[in-house]
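Using numbering that gives the first Met the number 0, read the sequence shown as starting at 0 and increasing by one per residue. Beta carbons are placed, not taken as given, at the ideal position from N, Cα and C, and that holds for glycine. First comes the structure, then the notes that go with it.
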Amino acid sequence: MVRVNMFSKRLSMLFGLIMVVLLILSGCTSGTNESQNKIRVGSKDFTEQLILGQITLLALEDAGFEVEDKTNVAGSEQVRSALENDEIDVYWEYTGTGWLMHLQKDEVITNSQEAYEKVKSEDKEANDIVWLDYALLNNTYTIMMNKDDSEKLNIKSISDMANYVNENPGQLSFAADHEFTARPDGLPALEDEYGFAFDGDSLKVMDIGIVYRTLKDRQVDSGMGFATDGRIAAFDFVNLEDDMEFFPVYNAAATLRAETLEKHPELADVLNKITEKLDNETMIKMNYQVDIEEKEPKEVAKNWLEEEGLINK
């Protein structure tokens with residue numbers, strides 16, 4: 000009887016150990032599946048991108064996805080690298096940035112459909128990155144001045160600015176973020192195209208969010224910005240005419256790896272419905288609510304999605 004009891008105890012202990020191991024393995028598997036099914040949403044670190052990131056998070060969550068907020072990444076190269084290296088699953092990119100910066104093309108494309116078709120085709124072939132539908136939202140770069148300064152100096156176009164800089168060296172200061180001073184579609188190429196150059200003291204490099212405030216406070220005379228920024232009208236800036244059509248189109252589109260879309264094809268339907276509603280007027284309004292009215296990007300995104308019937312209230 001003693002031997003039978005000892006055997007039974009050992010058998011019970013062994014069975015219990017097996018069950019513990021199975022539970023642990025089950026938990027690990029469950030965690031892996033959970034991680035694989037989570038959609039990690041990225042964005043760059045300026046207002047419009049933060050809003051687009053929150054729109055994406057809320058819409059996907061409403062559609063039943065588990066999401067992870069990985070927005071607010073500094074720099075186009077960094078967020079694109081995060082997508083390529085499977086650190087995020089989706090973020091909104093601009094056709095001009097994809098074409099000139101990520102694919103490193105030299106051709107400037109000013110037609111939205113042409114730019115989209117080319118970047119979509121070549122990015123898929125070269126990097127297995129998918130571009131979903133593009134929005135009417137075209138957040139191209141712009142060169143800004145205070146309206147009264149523009150009128151006083153008679154600078155209405157970038158050619159006018161180039162002429163003024165050449166005739167008055169060191170007299171016109173310009174603010175830009177670091178990325179704009181290095182991009183292939185940024186300041187060096189702009190100066191080459193229009194035939195002028197800001198000298199070392201005239202060029203002020205700072206965070207993009209500070210550019211607008213610095214220009215408003217007249218600490219600089221001009222600066223780079225984004226065409227859909229709500230602060231342009233709020234601060235009484237004017238956009239100088241790009242009379243030589245230097246800046247390409249920058250239509251926004253959701254981008255993701257092909258493997259992500261293959262695993263979750265329903266992502267396209269959710270995100271393309273958002274794309275249909277995005278245009279410059281809509282984005283300017285949302286940017287204004289964050290930058291001027293000081294609302295949180297998530298609040299602005301939620302209100303817009305509800306108003307458009309894209310998520311449940």
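**N-terminal and C-terminal residue of the alpha helix (DSSP H) that residue 281 is part of** = Here residue 281 is taken as the residue at index 282 of the sequence shown, counted from 1. First-last of the alpha helix (DSSP H) with residue 281: 279-290.
**Message:** Please give the ranges of any alpha helix (DSSP H) in the region 205-279, keeping only runs that are unbroken, at least 4 residues long and fully inside the region.
**Reply:** 207-215, 230-233, 257-262, 265-274
**Request:** Check whether the region 226-234 touches the region 53-64, counting contact only when three or more Cβ pairs, one atom from each stretch, lie closer than 8 Å.
**Result:** no
**Request:** Find out if the Cβ-Cβ distance for the pair residue 143, residue 238 is shorter than 8 Å.
**Result:** Reading the sequence shown from its first residue, position 144 is the one you call residue 143. Reading the sequence shown from its first residue, position 239 is the one you call residue 238. Contact flag set, yes.
**Asked** With 16 as the cutoff for other CB atoms within 10 Å, does residue 175 come out buried or exposed?
**Response** Against the sequence shown, residue 175 aligns to sequence position 176. Classification for residue 175: buried.
**Message:** Less than 8 Å between the beta carbons of residue 279 and residue 114, yes or no?
**Reply:** Here residue 279 refers to the residue found at position 280 when the sequence shown is read from its first residue. Here residue 114 refers to the residue found at position 115 when the sequence shown is read from its first residue. Contact: no.
**Cα-Cα separation, residue 309 to residue 58** = Position 310 of the sequence shown, counted from the first residue, corresponds to residue 309. Position 59 of the sequence shown, counted from the first residue, corresponds to residue 58. So the two alpha carbons sit approximately 7 Å from each other.
**Message:** Runs of 3 residues minimum, wholly inside the region 110-156: which ones carry the beta strand (DSSP E) assignment?
**Reply:** 128-137, 140-145
**Request:** Reducing DSSP to helix, strand and coil, say where residue 89 ends up.
**Result:** Position 90 of the sequence shown holds residue 89. Residue state, collapsed to three classes: strand.
**Prompt:** Using 8 Å as the Cβ pair cut-off and three pairs as the minimum, do the region 195-209 and the region 165-172 touch?
**Reply:** yes
**Message:** Can you tell me which residues form a DSSP beta bridge with residue 179?
**Reply:** For the purposes of this step, residue 179 is identified with residue 180 of the sequence shown, where counting begins at 1. None; residue 179 has no bridge partner.
**Asked** Using 8 Å as the threshold, is the region 34-51 in touch with the region 75-91, meaning 3 or more CB pairs across them?
**Response** yes
**Request:** Report all residues from its chain with a CB closer than 6 Å to the CB of residue 185; omit the five preceding and five following residues, and keep chain order.
**Result:** The residue given as residue 185 occupies position 186 in the sequence shown. Excluding residues within five positions, the ones whose Cβ falls inside 6 Å are 179.
**Request:** Quick one: grab the DSSP three-state call for residue 41.
**Result:** Position 42 of the sequence shown, counting from 1, holds the residue named residue 41. Residue 41 falls in the strand class under three-state DSSP.
**Request:** Report back the beta-carbon spacing between residue 208 and residue 45 to the nearest angstrom; my notes put them in contact at under 8 Å.
**Result:** The residue you call residue 208 lines up with position 209 of the sequence shown. The residue you call residue 45 lines up with position 46 of the sequence shown. Confirmed, Cβ separation roughly 7 Å.
**Through-space distance from residue 210 to residue 157, alpha-carbon basis** = In the sequence shown, counting from the first residue as 1, residue 157 sits at position 158. In the sequence shown, counting from the first residue as 1, residue 210 sits at position 211. Cα to Cα, the separation comes out at about 18 Å.
**Request:** Assign residue 28 to buried or exposed, taking buried as 16 or more other Cβ atoms, counted over all protein chains shown, within 10 Å of its Cβ.
**Result:** Against the sequence shown, residue 28 aligns to sequence position 29. Bear in mind that the predicted position of residue 28 carries a pLDDT of just 39, short of 50, making it unreliable; the figure below should be weighed with that in mind. By the 10 Å Cβ count, residue 28 comes out exposed.
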